[in-house]
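Undergrad: This structure is in structure tokens; I'll ask about it shortly.
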Amino acid sequence: MKTLVLLLVAVSFAPQAHAASEEAANTAWLVLASVLVFFMQAGFALLESGMSRAKNAVNVMMKNYMDCCVGGIVFWLFGFGLMFGANVTGWFGMSHFALNDGEPWDYTFLLFQMMFAATAATIASGAMAERTRYGAYLIGAVLISGVIYPIFGSWVWGGLYGGQGWLAKLGFIDFAGSTVVHSIGAWCALAGILVLGPRLGRFAPDGKARLIPGHNLGLVALGGFILWVGWFGFNAGSNLEVSSSLGLIALNTHLAAVAGALGALLAQRSTASPVLLTTTVNGSIGGLVGITAGCASMAPGFALLSGLVAGFVVVYGMRLLDRLQLDDVVGAIPVHGFAGIWGTLAAGLFYQGDLFNWERVAVQALGAAAAFLWAFPVALVFYFLLAKTMGLRVSTQHEQRGLDFAEHAEVGYPEFNLTQTFDSEQWSRRG
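Residues -19 to -1, 1 to 412, numbered by mature numbering (1 follows the signal peptide of the UniProt record, and there is no 0), are exactly what the sequence shown covers, in order.
Structure (structure tokens):
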């Protein structure tokens, strides 16, 4: 009889124990995915620094380092509530600001989304490199992490605590953020480089683009590999739970990356251009951006096709910017903006079980357009105001000298510049 009672008690508690175990597994997975996405900051820092000149290496690293610091704080204070709080209007959330008293899962989800906000902000860093004032850049990162990114995100992913975003109601698909994260960051970057103007000597008087090579292509390749690794957490983590669908998401992510590199290679060969490491790495990242929207709803063959096309989009997008005399140091706008548009459309075109549904594609196009019409004008006005008040671009002297010394009083490679000294008197006279 005693054994029967114990058995009945165990059976009655089994569902609760199973639920607790499932929540613990999902929490562990999402924390791990958060670490992988955070590691992407290192990838961005290495890639962007390597594509910049040695005299700006520290400055680029500092911007990437502080993106996740200032961005994380402002996202906790305001961004998370705007993005995921109760969204009764469909336009922005109105609860869960400065989350300090929530359920265990709330903290896990906040951690994961905080890493996404940092990614959106850091996209502008590479495009605006080598001529942007450090303080002004960080203010821009605060705006992106705390306002621009969260409000658009609420249209697509919002309503976790009630309500639903207006784009989500229309059926807009963006599983992990081709538009929500990457295009938003790219349109802010586009606004930034328009206000800044090109680097000194980037374009000849006749408008022809001049190459300004980066100082360390080894860092570029290493950064590309790290971003690739982190993207498994970015995409598969967006599933938010441990399930059998993780395999497809991760496979599609990898296939798109390898196809993106191949697409970039073919695009360069199609015009008899040299096959550059920097462009090839950008092609693979473009493939990753291109699959991010549809990685959970696309068959592997279409994932490969999406990545291949994204590689071409990146290469021809970079050439378009050169023709327009827009100076994007690392190619962030083609990689994250143009490939983000393509990936968003591809998620509608190649939706598994319902291919080429043009109504769905129209919704996808609407979402991509809404992202541009929201992020670009707001960022453009904000950067213009920064330029007219505290100043956005450094002086000609500081740009020539390098931002490591001018902005931070240190250099990444001191043995290359033995004439610079860093006593307090010289620091006080800078600028």
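In this text, a Cβ means the ideal position worked out from N, Cα and C, and glycines have one as well.
Considering only C-alpha positions, which residue in the set F25, A26, N40 and G31 is nearest to R382?
TA: Taking only the C-alpha atoms, the option nearest R382 is N40.
Undergrad: Given that a residue counts as buried once 16 or more other Cβ atoms are within 10 Å of its Cβ, and exposed if not, what is S265?
TA: Under this definition S265 is a buried residue.
Undergrad: Determine the direct distance from the alpha carbon of A101 to that of S326, and round the result to whole angstroms.
TA: The question names Ser, yet the displayed sequence has Leu at residue 326. Between L326 and A101, the C-alpha separation is close to 20 Å.
Undergrad: From the DSSP output, in three-state form, read off F319 for me.
TA: Correct three-state label for F319: helix.
Undergrad: So, helix, strand or coil for G275, using DSSP?
TA: Coil, per DSSP.
Undergrad: Decide if residue 416 is buried, meaning its Cβ has at least 16 other Cβ atoms within 10 Å, or exposed.
TA: Any question about residue 416 goes unanswered here, given that the chain covers just -19 to 412.
Undergrad: How far does the alpha helix (DSSP H) with H389 in it extend, from its first residue to its last?
TA: H389 -> alpha helix (DSSP H) spans L384 to H389.
Undergrad: Give me the residue from A240, L63 and R191 with the minimum Cα distance to G144.
TA: Cα-wise, what sits closest to G144 is L63.
Undergrad: Closest to V311 by CA distance: which of W86, N263 and L119 is it?
TA: It is N263.
Undergrad: For a test of the three-state rule: what should DSSP assign to G71, helix, strand or coil?
TA: Three-state result, G71: coil.
Undergrad: Going by alpha carbons, who is nearest to R300 out of L232, T260, Q378 and A284?
TA: For the residues L232, T260, Q378 and A284, the minimum Cα distance to R300 belongs to T260.
Undergrad: Pull up the DSSP beta-bridge partners for R112, would you.
TA: Note: R112 sits in no beta bridge, so no partner.
Undergrad: Determine the extent of the alpha helix (DSSP H) in which L234 is found, giving its start and end residues.
TA: It should be pointed out that residue 234 corresponds to Thr in this sequence rather than to Leu. Here the alpha helix (DSSP H) through T234 covers L227 to S251.
Undergrad: For L181 and I120, I'd like the C-alpha separation in whole angstroms.
TA: Whole-angstrom Cα-Cα distance: 24 Å.
Undergrad: Are there three or more Cβ pairs, one per stretch, closer than 8 Å when the stretch 152 to 165 is compared with the stretch 74 to 84?
TA: Taking 8 Å as the limit for Cβ pairs, the verdict is that the stretch 74 to 84 does not touch the stretch 152 to 165.
Undergrad: For A101, which of helix, strand or coil comes out of DSSP?
TA: Of the three classes helix, strand and coil, the one that applies to A101 here is helix, per DSSP.
Undergrad: Report, in whole angstroms, the separation of the C-beta atoms of E29 and G107, which I expect to be a contact under 8 Å.
TA: Confirmed, Cβ separation roughly 4 Å.
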